[in-house]
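K.L.:
Spelled out as structure tokens, the structure:
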């Protein structure tokens, strides 16, 4: 292979780094999931790869460097987010790259964190390391969007998940179990989706109607079940709900008003549920206060599963970054559009994926930040 780096090789290695970052979604909060690859473009060898570890430490760059050892010297590192330049629980990743003797760094996007914000790249340049920016930037922006909006908007990334029948209707449970409107494979896909988020949120009506568990009940994924969040102003909920009874195994946060009934708070908290008081406007829990509480607790990616009143409140507040719609059967794109308009109102979102899952259909729509995100 040529001794000169090629854009094709850079693209290939960054693609691997992006896939590594995807594997960590939902597992690395409060830090973003970052992917790193060390490779030798002269020989075409992929020397090491890593992602941010669970709970956010160690970082991807330091793990990739440790795995590579002396083979990192003179090689190129590919990173999905600018290496940190500040001292936290560990030393700066930018310094680790310099010390390892890497000669080139290909970085997808800069980190908006004011503690970094270009300083990591400056540190590399000052050490004589060639820095290339922008490779894989579109996907990297989406993968790190939770991290970005946590800093710039004081909220997590928000994905709404809807499941409806072929007519666009939702099902109401009996109070003891949910009523399924999609097939087994679509439901399994929905559980896999949960594993990519730090927290999952529902309203009190969903808890009363469906008594859901809201876990990732797939082999090997129960440990990736997100924090479960319930919003309830009135606390008209049974302490014996499955969520509250399993709070010792998978965390549950009940967000309510400070003046809500203290006896009901205590009854629910007795099973291990964490009670979080948030602000109220009129007689409604205030979404900006909820978002601030989530950010303060390290949540960067939030999956909102319902019900309809919760969906509409997030949509009306322009807090939705992504929608995942599961629809029974094989409906048309127009059917999906009409369903979303019916439940959420007008949306400025772009469809980025349509997929058949078993006997059902899934759409994914996103609010794209700029034209580059459509790439």
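In my numbering, the protein residues as written are 213 to 587.
For every residue, glycine included, the Cβ atom is placed at its ideal position computed from N, Cα and C.
Values in this document were obtained by computation on a predicted structure and should not be read as measured data.
1. With a threshold of 7 Å on Cβ separation, who are the neighbours of residue 473 within its own chain once the five nearest residues in sequence on each side are excluded?
2. Among the candidates 499, 484, 323 and 376, whose CA atom is the shortest distance from the CA of residue 245?
3. Can the beta-carbon of residue 511 be found less than 8 Å from the beta-carbon of residue 241?
4. Among all the DSSP beta bridges, which residues are the ones paired with residue 534?
5. Give every residue of the same chain whose Cβ lies closer than 6 Å to the Cβ of residue 222, excluding the five residues on either side of it in the sequence, and list them in chain order.
6. With three or more C-beta pairs closer than 8 Å as the rule, is the stretch 245 to 257 touching the stretch 362 to 382?
7. Taking C-alpha atoms, which residue in 330, 272, 524 and 548 lies nearest to residue 658?
8. Among 336, 329, 326 and 325, whose alpha-carbon lies nearest the alpha-carbon of residue 310?
9. Is residue 554 buried or exposed, if buried means 16 or more other CB atoms sit within 10 Å of its CB?
10. What are the partner residues of residue 465, as DSSP defines its beta bridges?
11. By the three-class DSSP mapping on this structure, what secondary structure does residue 584 have?
12. Classify residue 229: buried if its beta carbon has 16 or more other beta carbons within 10 angstroms, exposed otherwise.
13. List the residues that DSSP assigns as beta-bridge partners of residue 240.
14. Look at residue 391 and residue 539 and say whether their C-beta atoms are less than 8 Å apart.
15. Using three-state DSSP, classify residue 480 as helix, strand or coil.
16. Give a yes or no on whether the C-beta atoms belonging to residue 315 and residue 286 are separated by under 8 Å.
17. Restricting to Cα atoms, I'd like to know which of 499, 462 and 445 is closest to residue 476.
18. When you compare the stretch 420 to 428 with the stretch 486 to 500, are there three or more beta-carbon pairs, one atom per stretch, that lie closer than 8 Å?
19. Tell me the DSSP bridge mates of residue 414?
20. Looking only at its chain, what residues have a beta carbon closer than 8 Å to the beta carbon of residue 520, apart from the 5 residues adjacent to it on each side?
P.N.:
To lay it out plainly:
1. 447
2. 323
3. yes
4. 371 and 578
5. 318 and 347
6. no
7. The question about residue 658 has no answer, for the chain in this structure spans 213 to 587.
8. 336
9. exposed
10. 441 and 486
11. Note that residue 584 has pLDDT 41, beneath the 50 cutoff, so the model's placement of it is unreliable and the number below is only indicative. Looking at residue 584 - three-state DSSP - the assignment turns out to be helix.
12. buried
13. Paired residues: none, contrary to the question.
14. no
15. helix
16. yes
17. 445
18. no
19. 442 and 518
20. 382 and 555
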